[in-house]
Amino acid sequence: MRDDIRRNMPLLPMRIVTKLTELTPRQIRYYEQQGLVNPARTDGRQRLFSFNDVDLLLKIKSWLEKGLNIAGVRQMLGEAQQVLETKKDQTKKATKELSERELRKLLKRQLTAGPTRRVGETHLTYGELTRFFRH
DNA sequence: GTTCTAACA
DNA sequence: TGTTAGGA
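Right under this line is the structure:
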């Protein structure tokens with residue numbers, strides 16, 4: 001699979017990735033700190049992202065927008081990994097289905113757990129989100 | 001001009 | 001998360 005090599009080739013600097021993902025450099029660096037992504041480095045300090053990195057950042061972004069926290073995203077990534085390791089073919093479809101299932105599970109788990117929400121950004125309130133689940 | 005790390009009126 | 005300081 002030569003295509004994988006291409007997708008994993010570190011080519012994109014911060015500025016490009018911020019435009020591609022609509023994320024701030026601060027957010028991207030923070031996600032890296034949390035172990036969600038691990039972009040390559042140039043001379044030892046500047047980050048270089050691959051197209052796969054960008055894809056991953058977009059997934060992370062969508063998950064966070066759906067109400068997951070960092071821990072939730074980690075679990076989603078773990079799920080995706082397990083699926084990839086298990087089913088070597090049809091991974092795309094399998095991953096997506098399982099992810100949707102896990103997403104619901106994680107959301108409910110987090111909401112039941114309590115206020116893990118932060119002060120700053122809060123589009124979704126407890127009531128708005130919990131009504132999608134049967135209690 | 002860009003990006004990096006660390007830190008917080 | 002934003003923003004700023006101080007360097008590379």
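Take the first sequence: its letters are residues 1 to 135, numbered as in full-length UniProt numbering.
Virtual Cβ for every residue (Gly too), placed ideally from N, Cα, C.
Q.
So Thr21 and Lys66 are supposed to be a Cβ contact under 8 Å. How far apart are they, rounded?
A. Residue mapping note: residue 21 aligns to position 21 of the first sequence, counting from 1. Residue mapping note: residue 66 aligns to position 66 of the first sequence, counting from 1. Their Cβ separation, rounded to whole angstroms, is 16 Å, which puts Thr21 and Lys66 out of contact at 8 Å.
**Q.** Counted within 10 angstroms of its Cβ, other Cβ atoms place Leu12 as buried (16 or more) or exposed
**A.** Here the question's residue 12 lines up with position 12 in the first sequence. So Leu12 ends up on the buried side.
(Q) By alpha-carbon positions, which one of Gly72, Leu23 and Asn52 ends up nearest to residue 136? (A) Lying outside 1 to 135, the shown extent of the chain, residue 136 is not represented and no answer is given.
Q: Take the Cβ of Arg41 as the centre, count every other Cβ of all protein chains shown within 10 Å, and call the residue buried at 16 or more, exposed below.
A: As a working mapping, residue 41 is identified with position 41 in the first sequence. The residue is exposed, with fewer than 16 neighbouring Cβ atoms inside 10 Å.
Q.
Can you look up Arg45 in the DSSP assignment and give me helix, strand or coil?
A. For this step, residue 45 is matched to residue 45 along the first sequence. Coil at Arg45, not helix or strand.
Q.
Mapping the DSSP letters down to three states, classify Leu36 as helix, strand or coil.
A. On the first sequence, residue 36 is found 36 positions in, with the first residue counted as 1. In this structure, Leu36 counts as coil in the three-state DSSP scheme.
Q. Does the distance from the CB of Leu36 to the CB of Leu77 come in under 8 Å?
A. Indexing the first sequence from 1 puts residue 36 at position 36. Indexing the first sequence from 1 puts residue 77 at position 77. In contact: Leu36 and Leu77 (Cβ atoms closer than 8 Å).
Q. So what's Leu20 in DSSP terms, helix, strand or just coil?
A. Start at 1 with the first residue of the first sequence, and residue 20 comes out as number 20. Leu20 falls in the helix class under three-state DSSP.
Q.
Quick check: the Cα distance between Glu85 and Arg29, rounded to an integer number of angstroms?
A. Position 85 of the first sequence, counted from the first residue, corresponds to residue 85. Position 29 of the first sequence, counted from the first residue, corresponds to residue 29. If you take the alpha carbons of Glu85 and Arg29, they lie about 28 Å apart.
Q: Kindly list the residues whose CB is nearer than 7 Å to the CB of Ile5, restricted to its own chain and excluding five residues on each side of it in sequence; keep chain order.
A: To locate residue 5, count along the first sequence from 1; it is residue 5. Counting only Cβ-Cβ distances below 7 Å, and skipping sequence neighbours, we find nothing.
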